[in-house]
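A.B. asks:
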Amino acid sequence: MKKSLQFVVLSALIVMATLLGACAPVATEAPAAVDVTKAAVTDAAGVEPVTIKVVSFLTYNENADGAETKVVEAFQAAHPEITVDFQLLPYADYFTSLKTWIAGGTAPDVASMDLAMLQEMAAAGSIVDLNPMIEADGYDLSQYYQSTLDMFQNNGGQYGLPASYSNVVLYYNKSLFDAAGLAYPDDTMDWATFMDYNKKLTQDTNGDGTIDIFGTSRLWWPYYMLLTGATPFNADATQCTLTEQAAIDGFQAMVDLTLTDKVAPSANDLAAQDDWHMFEAGRIAMYPIGPWSITEFNEVITDFDWDATTLPIGPTGKKVTFLFGNAYSVLSSSKQQEAAFEFMKFVTGPEGDQIRQDAGFEIAPIKAVAEGSFLKAMEGKKPVNAAVFLDSAAFAESVPTHARWSEIADAISTQLDSALLGDITVPEAMQNACDTINPILAE
Amino acid sequence: MENSQTLEPPPSFFQKLRKNLGKYFWGYFFVLPSLLIILLFKLVPLIMGFGISFTNWSLLASPEFVQFANYTKLFTDPTTGKVFGNTFYYSFLSVPLNILLSLGLALALNQKIKGLAFFRTAYYIPVVAASVAVSAIWVWLLSDFGIFNTFLTSLGFKSLNLLQNTKTALTAIALVDVWKNLGFNVIIFLAALQDVPDELREAAKVDGANSWGIFKNITLPLITPAIFFTAVMGVIGSLQTFDLVYNMSMKHEGGPARATSTVGFYIWQNAFKYSKMGYAAAISFALMVILMVLTLIQWRMRRKWVYGEE
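Order-wise, the sequence lines are chains A and B. Counting from 56, one number per residue, gives the positions in the first sequence under my numbering. Counting from 257, one number per residue, gives the positions in the second sequence under my numbering.
Structure below.
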């Protein structure tokens, strides 16, 4: 009796263990049981019903209405034969999740990408070159701004189609300029004037020894490289070029803002309140930021008037701004490439762009949508000079890319941390950065 | 039974298993859940990780065998030295400090004082609090608008930027670690202190020992097993530290200038930020070997100072 009980328990355990082993990769067949009516409709049209899995971070952080969800709903209405399993995720940790899914064999068919992600994924062969599909389909690329397409190319391949782009302009707090008796900045402002304004606008209003209002805030560090035309490495990415004078001049200008002239908040000031909220609180006079700020600033800022102009001309006479962009890409592992491309055309095309643009999300890469709707959507909103976003496109440049960019970027930003704290000089920082970057480029 | 002996078929697999397990069957049965968890979630990943450490797996592309490249890189990568240095500093600061403070607190909480239950609970709360929440609170407390700097500036001093200074950031995080994990060791020491027999102390008192003498010659030797336990666990835990560093360094970058990057943090960076799974696995195994050596040294040395070990 006792022994048979042991036997039963043991065999039950073995059966359970077998089941446990079996349930791992096969369980994804569930979508076969989708909507019966939908299947009937598409059967009548003679098309195989397919399901594609899409993940995206677009509009997640900026737009509470979930503009991207509406884009997918619109696609779903236009293409009932393709069922979209859509997941909207926060930008933080998005790329980590995506990489883990790819490694685990559960990658989506289509995913949103930013510039750095796309370059890494293209180099690893995880996303497909869309050119063959574009040619086969006769898809018209001339409706996009060329610069937004260029961003998502790698070795001549088009690895993504742009869904939104943005650049950085200079917001200014009119009340602070009025109080200081200064003329508002315009697009002819050079670096000397910019620094002169910064010094006049930076104040310790309550006299306690800490600065309460800053002239400006520092941009993300790659800007100061673009500002003097410097590059992190040579054209064929074999040698670090940060020790050249152009890079040193650019980063010196950045370090001077915080360390020497103290007109921009330091890391410590930013730990207490970030520059975004400082501008909202009237603590930054000239704030470089992109169109993703428009919705919140229009809602939150009620105490002062503000407008925008282009970023100033750099210390060596070059005018530049960041070009940022987000794209959608098709994953190499996708077995539904045709349906995925159909989705790509819709969500990055005029229909998808229009929905995002109407929700006020960044700027549409489709020329007709940006020109027709961006300024119209901005009517009655600040900045009044909204055209500055379209004007800035003329001199916008994207951040340099490399398959190992996040590692290279960390090597540079780590050294800039030390330079910003005054622990080392800018030339020393660049020498150290190159010592780390050269082995990475050699790998 | 005797008659059927010759007719009996050869014993099946289950019969053999049952026979071999014999009277220990239920013992094995009860440890089975833990055993399965250790096998599935510890041992299997451990072996896989060891394999990965000899490849250049990027998560995205399929892995290629690179022999010992990841292990030789440990000695040429300038960041590795920095992060191991940071981690040892972190450990050698936080572990002894934690043991000293928690022993002191346990002694205080072992007295008959008012509100004993309250104090014992209060010191244990940070242990169970989520480290993300603890980090957020301390980042705020140490910021320019935080209570420490407000106090300093009100006295006319300049505010201290502990977390933004390369010389103080890691120390600040290690001290938060001590504060957070104090309660765990307090509980261990309290339990040990309550095991010290009153008779011994009373006998010593009768013989004229003062309270320092009683502590030094009776209480302390009797709780050395607890000190040994907390030291071993503390070293293992602190050398693997990740969460406080990730959450308390600016933008989760282990900065400023890598000042707060620990080995655990660098492993995470390599694995998920730089897509270098192979190198991350190699660093993990280097850390594991170091942990094993340190634990072995502690284990050997226990005979010299731990009560009841010869």
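We treat Cβ as the ideally placed atom computed from N, Cα and C, and that holds for glycine.
So for A/A99, helix, strand or coil by DSSP?
C.D. replies: Low per-residue confidence applies at A/A99: pLDDT is 46, beneath 50, and the placement is therefore not dependable enough to give any value.
A.B. asks: Mapping DSSP to helix, strand and coil, what is B/I355?
C.D. replies: It is helical.
A.B. asks: Is there at least one Cβ from chain B nearer than 8 Å to A/G372's Cβ?
C.D. replies: Judged by the 8 Å Cβ criterion, A/G372 is not in contact with chain B.
A.B. asks: If I'm right that A/A536 touches A/G215 with Cβ under 8 Å, what's the distance once you round it to whole angstroms?
C.D. replies: Since the displayed chain A opens at 56 and closes at 498, residue 536 of chain A lies outside it and no answer follows.
A.B. asks: Just verifying my parser: in three-state terms, what is the DSSP assignment at B/V384?
C.D. replies: Note: B/V384 maps to helix in three-state DSSP.
A.B. asks: Can you have a look at B/V300 and say buried or exposed, based on whether 16 or more other CB atoms are within 10 angstroms of its CB?
C.D. replies: So B/V300 ends up on the exposed side.
A.B. asks: State the CB to CB distance for the pair A/S518 and A/E417, rounded to an integer number of angstroms; the pair is presumed to be in contact (CB under 8 Å).
C.D. replies: Absent from the structure is residue 518 of chain A, since the part of chain A shown begins at 56 and ends at 498.
A.B. asks: Just reading off the beta strand (DSSP E) that A/D169 is part of, what are its end residues?
C.D. replies: Run containing A/D169: 165-169, per the beta strand (DSSP E) assignment.
A.B. asks: Opposite A/S111 in the DSSP bridges: which residues?
C.D. replies: A/S111 pairs with A/L143.
A.B. asks: Check whether the Cβ atoms of B/A487 and B/V383 lie closer than 8 Å to each other.
C.D. replies: Contact: no.
A.B. asks: Per the DSSP calculation, A/N381 is bridged to which residue(s)?
C.D. replies: A/N381 is bridged to A/D169, A/S219.
A.B. asks: Is B/G511 closer than 8 Å to A/D472 when the C-beta atoms are compared?
C.D. replies: Yes, the Cβ-Cβ distance between A/D472 and B/G511 is below 8 Å.
A.B. asks: By how many angstroms is the C-alpha of A/E335 removed from the C-alpha of B/V388?
C.D. replies: Cα to Cα, B/V388 sits roughly 27 Å from A/E335.
A.B. asks: Does the Cβ-Cβ distance between A/M172 and A/G380 come in under 8 Å?
C.D. replies: Against a cut-off of 8 Å, the Cβ pair of A/G380 and A/M172 comes out as no contact.
A.B. asks: Would B/P453 count as contacting chain A if we go by Cβ distances under 8 Å?
C.D. replies: No - not a single Cβ of chain A is within 8 Å of the one on B/P453.
A.B. asks: Pop quiz: B/I539 and B/L330 are said to be a contact at Cβ under 8 Å. What is the actual Cβ separation, rounded to whole angstroms?
C.D. replies: So it is a contact: roughly 7 Å between Cβ atoms.
A.B. asks: With a floor of 3 residues, list each beta strand (DSSP E) that falls wholly inside the region 175-247 of chain A, ordered by position along the chain.
C.D. replies: As far as the region 175-247 of chain A is concerned, its whole beta strand (DSSP E) runs of at least 3 residues are 216-222, 224-228.
A.B. asks: Starting from A/P438, trace the alpha helix (DSSP H) in both directions and tell me its first and last residue.
C.D. replies: Unbroken run through A/P438: none, as it is neither H nor E.
A.B. asks: Give a single yes or no on whether B/Y327 has its beta carbon closer than 7 Å to a heavy atom of the ligand ATP.
C.D. replies: This structure lacks the ligand ATP; in fact it carries no ligand of any kind.
A.B. asks: For B/K529, go through chain A and note every residue whose CB falls closer than 7 Å to its CB, in chain order.
C.D. replies: Ordered by position in chain A, the residues that pass the 7 Å Cβ test against B/K529 are S461.
A.B. asks: Figure out for me which residue from A/P420, A/G212, A/A319 has the closest Cα to the Cα of A/E190.
C.D. replies: Per the Cα distances, A/G212.
A.B. asks: From the DSSP output, in three-state form, read off A/E426 for me.
C.D. replies: Reduced to three states, the DSSP call for A/E426 is helix.
A.B. asks: So the candidates are A/Q294, A/P320, A/I137; which of them puts its Cα closest to the Cα of A/D490?
C.D. replies: Nearest of A/Q294, A/P320, A/I137 to A/D490, Cα basis: A/Q294.
A.B. asks: Residues of chain B with a CB under 7 Å from the CB of A/G262: which are they?
C.D. replies: Within 7 Å Cβ-Cβ: nothing; A/G262 doesn't reach chain B, min ~12 Å.
A.B. asks: Would you check if the region 520-540 of chain B and the region 313-320 of chain B touch, i.e. whether three or more CB-CB distances between them fall below 8 Å?
C.D. replies: Touching, yes.
A.B. asks: When you compare the CB positions of A/T283 and A/D267, do they come within less than 8 Å of one another, or not?
C.D. replies: Taking 8 Å as the Cβ cut-off, A/T283 and A/D267 do not qualify as a contacting pair.
A.B. asks: A/L386 by DSSP, collapsed to three states: which one?
C.D. replies: Note: A/L386 maps to strand in three-state DSSP.
A.B. asks: Leaving aside the five residues before and after A/G415 along the sequence, list all residues of the same chain whose C-beta is less than 7 Å from its C-beta, in chain order.
C.D. replies: Excluding positions up to five away in sequence, the list reads I349, T350, A432.
A.B. asks: So, is A/A464 buried or exposed, given that buried needs 16 or more other C-beta atoms within 10 angstroms?
C.D. replies: It counts as buried.
A.B. asks: How many Å lie between A/V310 and A/V481 at the Cα?
C.D. replies: Rounded to whole angstroms, A/V310 to A/V481 spans 8 Å at the Cα level.
A.B. asks: What separation, rounded to the nearest whole angstrom, lies between the Cα atoms of A/K437 and A/F352?
C.D. replies: A/K437 and A/F352: Cα-Cα distance of roughly 8 Å.
A.B. asks: Let me make sure I understand the geometry here. Which of B/T516, B/S309, B/I355 has the alpha-carbon closest to that of B/T480?
C.D. replies: For the residues B/T516, B/S309, B/I355, the minimum Cα distance to B/T480 belongs to B/I355.
A.B. asks: How many whole angstroms separate the CB atoms of A/T364 and A/Y227, which I take to be in contact at a CB cut-off of 8 Å?
C.D. replies: Their Cβ separation, rounded to whole angstroms, is 7 Å, which keeps A/T364 and A/Y227 in contact under 8 Å.
A.B. asks: B/T551 to B/P289, Cα distance in whole Å?
C.D. replies: Cα to Cα, the separation comes out at about 27 Å.
A.B. asks: Quick one: does B/G283 have its CB under 8 Å from some CB of chain A?
C.D. replies: Output row for B/G283: interface = no.
A.B. asks: For the alpha helix (DSSP H) containing A/F401, list its first residue and its last residue.
C.D. replies: Its alpha helix (DSSP H) spans residues 392-403.
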